[in-house]
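Comments concern the structure below.
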Amino acid sequence: MTAALALEGVSKRFGDVHAVDDVSLEIGEGAFVALLGASGCGKSTTLRLMAGLDRPDAGRVRMGGRDVTADGASARNIALMFQSYALYPHLTVHQNIATPLRQRRLSALGRLPGAGALRAGLRQRLDAIDAEVRRVAEMLRLETLLGRKPGQLSGGQQQRVALARALVREPAAFLLDEPLSNLDTQLRADTREEIKALHRRTGHPFVLVTHDQADALSMADRVAVMIEGRIAQVAPPDVIFSRPANRGVAAFIGAHPMNLIGPGGLAAALHPAGRDHVVGIRPEQLALTGDGPAEAVMRSTAYQGDRTILRLVGGAEEALQVVLPLGSPAPAEGETLRLAADPGALHLFDAASGARIEHAGGPG
Amino acid sequence: MRVLREAFTTLSLVGPAALAVVLFIFLPVGVVFALAFTDYQIGAPQAAWVGIENFAELFGSKLGRNALLNTLVYAAIVIPASVGLGLLVAIGLFGLAERLPRVSAVLRAVYFLPVAATLVAMAVAWQMLLHPSLGLVNTWVEAAGLTPQNWLTDRGLVLYTLALIGVWQSVGYNMVLFLAGLAAIPTALYDAARVDGAEGGWSRFWLVTWPMLGPTTLFVLIVSAVNAFRVFETVATITRGGPAFASDTIVYALYREGFIYFKAGYASAITVVFFLALLALTALQILLIERRVHYR
Amino acid sequence: MIRGLGSVVVVGLISLGAVMVLLPFAWMVSVSLKPRSEIFTTDVAFLPAAPTLMNYWTALTSTEIPVYLVNGVIVTGGILVLQLLVTVPCAYALAHRRFAGRRLLFGSVVAALLVPFHVTAIPLFIGLAWTGLLNSYTALVLPFVATAFGLFLLRQTFAQIPDELIDAARVDGLSEMAIAWRIAFPLGMPAVIAFSIFSVTAHWNDLFWPLIAVTDPALATPPRGILYFRDEESGDDVGPLMAGATLITAPLILGFLLAQRRFIQGLASTGLKR
Numbered sequence: 004m005t006a007a008l009a010l011e012g013v014s015k016r017f018g019d020v021h022a023v024d025d026v027s028l029e030i031g032e033g034a035f036v037a038l039l040g041a042s043g044c045g046k047s048t049t050l051r052l053m054a055g056l057d058r059p060d061a062g063r064v065r066m067g068g069r070d071v072t073a074d075g076a077s078a079r080n081i082a083l084m085f086q087s088y089a090l091y092p093h094l095t096v097h098q099n100i101a102t103p104l105r106q107r108r109l110s111a112l113g114r115l116p117g118a119g120a121l122r123a124g125l126r127q128r129l130d131a132i133d134a135e136v137r138r139v140a141e142m143l144r145l146e147t148l149l150g151r152k153p154g155q156l157s158g159g160q161q162q163r164v165a166l167a168r169a170l171v172r173e174p175a176a177f178l179l180d181e182p183l184s185n186l187d188t189q190l191r192a193d194t195r196e197e198i199k200a201l202h203r204r205t206g207h208p209f210v211l212v213t214h215d216q217a218d219a220l221s222m223a224d225r226v227a228v229m230i231e232g233r234i235a236q237v238a239p240p241d242v243i244f245s246r247p248a249n250r251g252v253a254a255f256i257g258a259h260p261m262n263l264i265g266p267g268g269l270a271a272a273l274h275p276a277g278r279d280h281v282v283g284i285r286p287e288q289l290a291l292t293g294d295g296p297a298e299a300v301m302r303s304t305a306y307q308g309d310r311t312i313l314r315l316v317g318g319a320e321e322a323l324q325v326v327l328p329l330g331s332p333a334p335a336e337g338e339t340l341r342l343a344a345d346p347g348a349l350h351l352f353d354a355a356s357g358a359r360i361e362h363a364g365g366p367g
Numbered sequence: 008m009r010v011l012r013e014a015f016t017t018l019s020l021v022g023p024a025a026l027a028v029v030l031f032i033f034l035p036v037g038v039v040f041a042l043a044f045t046d047y048q049i050g051a052p053q054a055a056w057v058g059i060e061n062f063a064e065l066f067g068s069k070l071g072r073n074a075l076l077n078t079l080v081y082a083a084i085v086i087p088a089s090v091g092l093g094l095l096v097a098i099g100l101f102g103l104a105e106r107l108p109r110v111s112a113v114l115r116a117v118y119f120l121p122v123a124a125t126l127v128a129m130a131v132a133w134q135m136l137l138h139p140s141l142g143l144v145n146t147w148v149e150a151a152g153l154t155p156q157n158w159l160t161d162r163g164l165v166l167y168t169l170a171l172i173g174v175w176q177s178v179g180y181n182m183v184l185f186l187a188g189l190a191a192i193p194t195a196l197y198d199a200a201r202v203d204g205a206e207g208g209w210s211r212f213w214l215v216t217w218p219m220l221g222p223t224t225l226f227v228l229i230v231s232a233v234n235a236f237r238v239f240e241t242v243a244t245i246t247r248g249g250p251a252f253a254s255d256t257i258v259y260a261l262y263r264e265g266f267i268y269f270k271a272g273y274a275s276a277i278t279v280v281f282f283l284a285l286l287a288l289t290a291l292q293i294l295l296i297e298r299r300v301h302y303r
Numbered sequence: 008m009i010r011g012l013g014s015v016v017v018v019g020l021i022s023l024g025a026v027m028v029l030l031p032f033a034w035m036v037s038v039s040l041k042p043r044s045e046i047f048t049t050d051v052a053f054l055p056a057a058p059t060l061m062n063y064w065t066a067l068t069s070t071e072i073p074v075y076l077v078n079g080v081i082v083t084g085g086i087l088v089l090q091l092l093v094t095v096p097c098a099y100a101l102a103h104r105r106f107a108g109r110r111l112l113f114g115s116v117v118a119a120l121l122v123p124f125h126v127t128a129i130p131l132f133i134g135l136a137w138t139g140l141l142n143s144y145t146a147l148v149l150p151f152v153a154t155a156f157g158l159f160l161l162r163q164t165f166a167q168i169p170d171e172l173i174d175a176a177r178v179d180g181l182s183e184m185a186i187a188w189r190i191a192f193p194l195g196m197p198a199v200i201a202f203s204i205f206s207v208t209a210h211w212n213d214l215f216w217p218l219i220a221v222t223d224p225a226l227a228t229p230p231r232g233i234l235y236f237r238d239e240e241s242g243d244d245v246g247p248l249m250a251g252a253t254l255i256t257a258p259l260i261l262g263f264l265l266a267q268r269r270f271i272q273g274l275a276s277t278g279l280k281r
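Chains as they are written, first to last, in the numbering used here: chain A, 4 to 367; chain B, 8 to 303; chain C, 8 to 281.
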């Protein structure tokens with residue numbers, strides 16, 4: 004099956020900065036892909052390349068197998084929901100939602116106010132546009148707001164208008180740029196569900212750009228992690244978490260960054276391969292046990308209510324973090340502790356390249 | 008005691024400015040409204056109330072009507088031309104700033120030059136440029152095979168020539184205001200317009216630029232109108248309202264009647280009409296801002 | 008917004024417009040550099056064939072142009088200094104002190120913004136005539152001490168200064184006048200500079216009031232002076248006249264070219280002023 008949207012070896016430079024460096028990515032029909040990365044990693048530029056707002060310096064963009072690299076945004080039929088929503092402040096909600104249809108279906112003359120009264124054919128097209136606007140507005144519970152201007156709406160309402168404007172025209176792909184970043188916590192959770200439901204209902208391919216791993220892991224069925232302009236790993240959310248493809252992804256994913264130790268004595272104490280390779284272990288999976296193989300010294304604790312985070316130093320001055328679950332007593336500072344980890348929870352990475360090394364009995 | 012000291016402190020800070028504003032702005036405005044209904048002549052020992060006679064003369068006499076009409080014709084040319092050209096130049100330079108920032112900055116400075124320049128000196132330069140026999144313009148006109156004109160002494164032409172100079176002087180100012188307005192439009196709106204299918208510059212102009220510039224355009228229009236109604240320097244320098252009052256305007260008439268003929272009463276009536284016209288423009292601006300152009 | 012061929016066309020059209028904007032400047036400078044024989048000729052050329060500074064020498068030594076320039080400096084400088092002396096303390100008080108009549112005063116300032124100078128000219132002329140002050144530097148300077156625009160602009164600027172900072176200065180024992188000058192004034196410097204540029208430009212270029220208030224050529228400001236010069240010479244001394252016009256325009260043009268951003272700021276904010 005040809006992908007709805009595909010990037011093939013796409014690069015984009017701004018001056019000396021490689022914002023996007025040789026990125027390839029396929030978004031299949033009906034897929035929900037998240038582009039996840041820290042700010043400045045090139046994910047928004049990648050999105051703009053997909054939408055046709057920027058042209059790549061190298062590589063191609065294909066839609067349904069067709070090369071669209073040279074096409075501008077309007078020729079691609081890709082919908083984009085902007086982080087700032089980018090609603091037209093002078094137009095009502097109805098007019099905002101109708102804009103993509105009016106721009107595509109009406110001539111400049113037909114877009115003049117009152118033009119519908121003159122020609123019957125035009126009138127029919129205007130009625131059709133109105134019907135579609137109302138259908139989408141109903142889907143997003145905007146019926147009562149159609150006459151308002153964006154400035155009169157709350158942040159959450161503006162966000163739904165932006166969604167409606169993007170969804171109204173049956174796009175070939177639907178791109179969302181940080182759709183949740185301007186919403187408060189409660190609304191975020193609701194909107195995540197709403198976007199997932201919209202994806203199921205419309206069946207369009209969705210691409211979500213976010214710096215928030217909770218958004219990416221909870222909504223997408225595949226996550227592409229971007230680091231410094233390159234795609235570090237593309238995989239389903241559980242694989243991203245349980246089998247990070249390299250050190251970069253391992254350090255980026257997870258509520259607390261993974262401990263990456265060695266190679267050296269401390270790493271070797273946890274796993275024999277730690278003599279030559281980097282050993283990774285999530286702070287939640289390091290246990291304090293009196294007879295553990297590794298040794299570290301307590302430096303400080305941070306109490307966070309449902310858990311306590313310990314900072315330790317072991318081996319050759321290597322920093323470690325341990326997350327204690329609720330109720331466990333925190334050891335005193337300066338105390339020497341022994342640590343143990345289930346071999347199944349250990350990750351191994353090549354010391355030079357940082358690439359993942361599979362080992363017998365490893366996670367996955 | 009403390010209260011008294013505080014009051015004294017306030018007075019020392021505020022007093023001079025408050026006194027100046029009352030003495031040099033509010034008192035004169037009151038006096039001018041009163042004088043407008045008298046036949047006061049500067050230097051005369053006394054004056055008499057004449058009711059609306061001065062206003063009747065302004066609107067009834069050929070000369071008065073001529074000055075009002077000339078000002079309106081002048082404004083009717085200068086406002087649309089300077090606002091339209093200012094907008095076009097601003098849009099061009101704004102687009103240019105991305106690819107050729109240096110060129111754009113130099114051109115912007117050139118267009119703004121007449122705003123900073125001494126208008127009287129430049130009017131003298133224009134007079135030389137348009138000189139019937141020694142001027143460059145007629146030399147070029149002749150070279151192009153056309154008939155040379157008496158740009159500043161032809162009764163049918165002089166007002167339009169002055170309007171041209173007015174446009175020359177104000178395009179740069181309007182351009183700067185429009186450039187500020189353009190810079191305030193979020194670029195995400197242009198991206199949204201492209202995604203929504205407005206690929207051509209023209210459709211993006213109508214979908215985003217023009218409506219988003221609405222408040223700026225209104226502001227520029229009003230400022231241009233106020234400046235056009237105030238035209239004085241070029242008239243006083245180049246034509247003195249002539250020939251045969253063909254370029255007489257409201258502020259020049261005010262000056263001539265008040266300070267050459269010393270008819271303070273009549274000149275005050277002209278002043279009052281001029282002032283009320285400007286106030287009406289301001290009221291219109293406030294009304295429109297409240298009503299339409301305000302989006303939030 | 009524009010690409011490829013379109014951008015070439017746009018640059019072309021805007022450059023053409025720029026040439027037309029520059030034409031009077033270029034002609035003024037060109038004629039000022041031409042010898043007499045090249046000016047009074049039927050064969051008018053754009054550029055001087057044998058450029059000379061003779062006209063500038065004439066303008067500076069055998070005309071009153073230097074006097075006009077000095078008068079311009081005295082009058083614009085005097086106006087600006089007095090405006091700031093009166094405006095800064097009042098704007099500070101309007102922004103940071105509570106006193107009876109504050110709202111009334113600020114409302115009056117906003118109302119005064121709507122009054123163009125032309126409206127006050129006749130009564131001011133009569134008043135100055137009564138007090139015998141016409142035909143003096145005082146007549147040229149005094150009416151402009153009241154600046155609604157300056158009061159408004161500086162009040163808005165000073166209002167941005169946090170109250171804590173003012174209170175801290177009070178705790179440190181500064182008098183109110185000292186706070187106005189040593190705290191508010193330096194902190195509001197960008198607005199003060201913008202206002203100063205506006206004030207100097209407006210009064211250096213003004214013709215209306217100098218035309219009315221003085222009849223003595225020895226008191227003429229540059230625009231008033233150049234008209235005296237032109238009218239006396241009855242068209243014989245075009246070269247020195249253009250040299251004089253160039254000399255009068257030069258200070259502000261040079262200032263603009265050196266500090267474009269500040270000039271545009273200062274002059275574009277006059278949209279507020281009527």
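Beta carbons are placed, not taken as given, at the ideal position from N, Cα and C, and that holds for glycine.
Kindly say whether residue i, judged by its beta-carbon, lies nearer than 7 Å to any beta-carbon of chain B.
i                      : result
residue 255 of chain C : yes
residue 221 of chain A : no
Do residue i and residue j have their C-beta atoms within less than 7 Å of each other?
i                      : j                      : result
residue 173 of chain B : residue 85 of chain B  : yes
residue 289 of chain A : residue 325 of chain A : yes
residue 42 of chain C  : residue 57 of chain C  : yes
residue 299 of chain A : residue 176 of chain A : no
residue 182 of chain B : residue 93 of chain B  : yes
residue 94 of chain A  : residue 132 of chain A : no
residue 36 of chain A  : residue 225 of chain A : yes
Let me know if residue i comes out buried or exposed under the rule of 16 or more other beta-carbons within 10 Å of its beta-carbon.
i                      : result
residue 259 of chain B : buried
residue 251 of chain B : exposed
residue 63 of chain C  : buried
residue 105 of chain B : exposed
residue 176 of chain B : buried
residue 46 of chain C  : buried
residue 15 of chain A  : buried
residue 301 of chain B : Summary for residue 301 of chain B: the model assigns pLDDT 45, below 50, so the residue's position carries little reliability, and this model does not support an answer.
Are the C-beta atoms of residue i and some chain C residue less than 7 Å apart?
i                      : result
residue 245 of chain B : no
residue 32 of chain B  : yes
residue 15 of chain B  : no
Starting from the Cα of residue i, find the closest Cα among the options and give me that residue.
i                      : options                    : result
residue 357 of chain A : A/298, A/280, A/316        : A/280
residue 67 of chain C  : C/146, C/166, C/246, C/226 : C/246
residue 320 of chain B : B/145, B/128, B/184, B/78  : Outside the displayed span of chain B (8 to 303) sits residue 320 of chain B, for which this structure offers no information.
residue 100 of chain A : A/236, A/349, A/170        : A/170
residue 2 of chain B   : A/230, A/143, A/92, A/243  : In the structure as shown, chain B starts at 8 and stops at 303, and residue 2 of chain B therefore has no counterpart that could be examined.
Under 7 Å, Cβ to Cβ, is there at least one residue of chain E near residue i?
i                     : result
residue 62 of chain C : Protein chains in the displayed structure are A, B and C, and chain E is not among them.
So, is the C-beta of residue i closer than 7 Å to a C-beta in chain A?
i                      : result
residue 206 of chain B : yes
residue 301 of chain B : Its pLDDT being 45, under 50, residue 301 of chain B is placed unreliably by the model, and the measurement read from it follows with that caveat. Chain A contact via Cβ: absent.
Are at least three pairs of beta-carbons, each pair with one atom in the segment 181 to 192 of chain A and one in the segment 213 to 230 of chain A, less than 8 Å apart? yes
So does the segment 54 to 69 of chain A actually touch the segment 256 to 263 of chain A, counting three or more Cβ pairs closer than 8 Å? no
For the pair the segment 53 to 72 of chain B and the segment 137 to 151 of chain C, tell me if three or more CB-CB distances fall below 8 Å. no
Are the segment 91 to 104 of chain C and the segment 127 to 136 of chain C in contact at 8 Å, needing three or more beta carbon pairs? no
Segment contact, 8 Å Cβ cut-off, at least three pairs: the segment 132 to 141 of chain B with the segment 197 to 211 of chain B: no
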